[in-house]
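Numbering (the numbering used here), first residue to last: 1 to 372.
Reviewing the structure listed below.
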Amino acid sequence: MTATSVPPGPIDVPIDQAESALNRAWLALGDPSRTRTLNLVCVCQTDEELAYAVHAARDVIPGHPGRVIVVKLESPVGDAPVLTRASLLEDVSKPGAYVGESLVLTVRGTAREHVATVVERVLAPGVPVVLWWLGDVPDEPTAFVRLADRSDVVTVDSSQIDLTDLTTLQRYVTPRARPTQSISDIEWLRLRPWQESLARFFDDPATLAGLHRCESLELAFHTPARGDFASAKAALFAGWFAARSRLKTPASIRWAPRENGRALWLSRPDGQPFALTMTVDPRPGLHEGALTRVTLSSAVGDRFELEREGASRVIAWRGACAGAVLPEAVLRIGPPDTPRMLRRLLDRPERDELFLDALAMAAPWFLRGDRR
1 MTATSVPPGP
11 IDVPIDQAES
21 ALNRAWLALG
31 DPSRTRTLNL
41 VCVCQTDEEL
51 AYAVHAARDV
61 IPGHPGRVIV
71 VKLESPVGDA
81 PVLTRASLLE
91 DVSKPGAYVG
101 ESLVLTVRGT
111 AREHVATVVE
121 RVLAPGVPVV
131 LWWLGDVPDE
141 PTAFVRLADR
151 SDVVTVDSSQ
161 IDLTDLTTLQ
171 RYVTPRARPT
181 QSISDIEWLR
191 LRPWQESLAR
201 FFDDPATLAG
211 LHRCESLELA
221 FHTPARGDFA
231 SAKAALFAGW
241 FAARSRLKTP
251 ASIRWAPREN
261 GRALWLSRPD
271 GQPFALTMTV
281 DPRPGLHEGA
291 LTRVTLSSAV
301 GDRFELEREG
311 ASRVIAWRGA
321 CAGAVLPEAV
331 LRIGPPDTPR
341 MLRRLLDRPE
351 RDELFLDALA
361 MAAPWFLRGD
371 RR
């Protein structure tokens, strides 16, 4: 829609006047019609996350016109009204074209306990609800669960969460998630080049035999957040590999100390032991917990390895396997562009069974014991 006049700028209103404020803004354009395809509900807890959510939403909404509701959760102490800022969203590539509407809600005090009800009051009717949870999932996830229950699409970003959040997500997914509900992870999309590159080793039957001989997977990563011994993204990669390889988790989970990391003994389908090792590999310039190396090996010399060059987006692909020729190659992975990843998830929302299988496999590894 192209403006015939400039609508009012962002205005602060009581939450029960948010709808009428948006209506007046559209009317100021001289054409009250609008297209809505979704409600994008972005939940954040810091000013940095708030600014990032607003930026990403402005990038996404031109392709998915609708209402963006950014919820900033502040201190749970006290009793305060919900602050609401209403505005229209302009297509950044087409000045003067307004393609969506924005409500920024600041929720604090006891209102946090009822945040799902607060959001319900300002949802655009008749279109799907997409929940994008930025940052950590709270250890007491009442707000997350209630908002997710109301949403058709639930999206998290495991680059922003810690190991305990995996168990929180798994507890939500297992008993509550509807079969038709799309559940996805932005970081999971970023892991795909690593997954596909590892799988590429085994296109040859000779290397597939080498895969069956492997008895160790080592994942190295930049220093994780909050002092965890492993990053959530490394855990999900390991969960994906273990689920696809039909590895089994022991009844008693114990991570044994290793140099710069920890190891967990799993078992292969033939009953033989399989070592999963998490290793901290500091690489200044990388995001917390980013993968730096994946090494799959056997005691008889099979080795399949992906290694990042420094802090770059270039990955060396190399290996050795009896009966196979594996020439070294160099791969380049794309930038960690969150708006682009979010657009992909919105273009084709799906219940990602590979992600859910990886989550189901990895979450129990961190249910008990020291994470540090």
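Note that CB positions come from ideal geometry on N, CA and C, so glycine has one too.
The structure presented is a predicted model; accordingly, all values stated were derived computationally and were not measured.
In its chain, beyond the 5 residues on either side, 222 and 311 have a beta carbon closer than 6 Å to the beta carbon of residue 286.
A Cβ-Cβ separation of about 6 Å places residue 288 in contact with residue 224 under the 8 Å criterion. For residue 279, DSSP records a beta bridge to 220 and 261. Take residue 304, set aside five residues on each side of it, and the residues of its chain with a beta-carbon closer than 6 Å to its own are 201, 296 and 319, in chain order. Residue 355 sits away from residue 166, with the two beta carbons spaced by 8 Å or more. The Cβ atoms of residue 52 and residue 105 lie no closer than 8 Å to each other. Residue 169 is positioned such that its CB atom lies no closer than 8 Å to that of residue 230. Distance between residue 43 and residue 252, taken at the CA atoms: about 36 Å. Per DSSP, the beta-bridge partners of residue 106 are 72 and 83.
At least 8 Å separates the beta-carbon of residue 351 from that of residue 195. DSSP assignment within the stretch 124 to 203 yields the following whole alpha helix (DSSP H) runs of 4 residues or more, N-terminal first: 142 to 150, 163 to 176 and 186 to 200. By the neighbour-count definition (other C-beta atoms within 10 Å, threshold 16), residue 39 is a buried residue. Residue environment for residue 250: exposed (fewer than 16 other C-beta atoms within 10 angstroms of its C-beta). Within the DSSP bridge table, the entry for residue 248 names 267 as partners. Spatial neighbours of residue 267 in its own chain (CB-CB distance under 8 Å, excluding positions within 5 residues in sequence) are listed in chain order as 247, 248, 250, 273 and 274.
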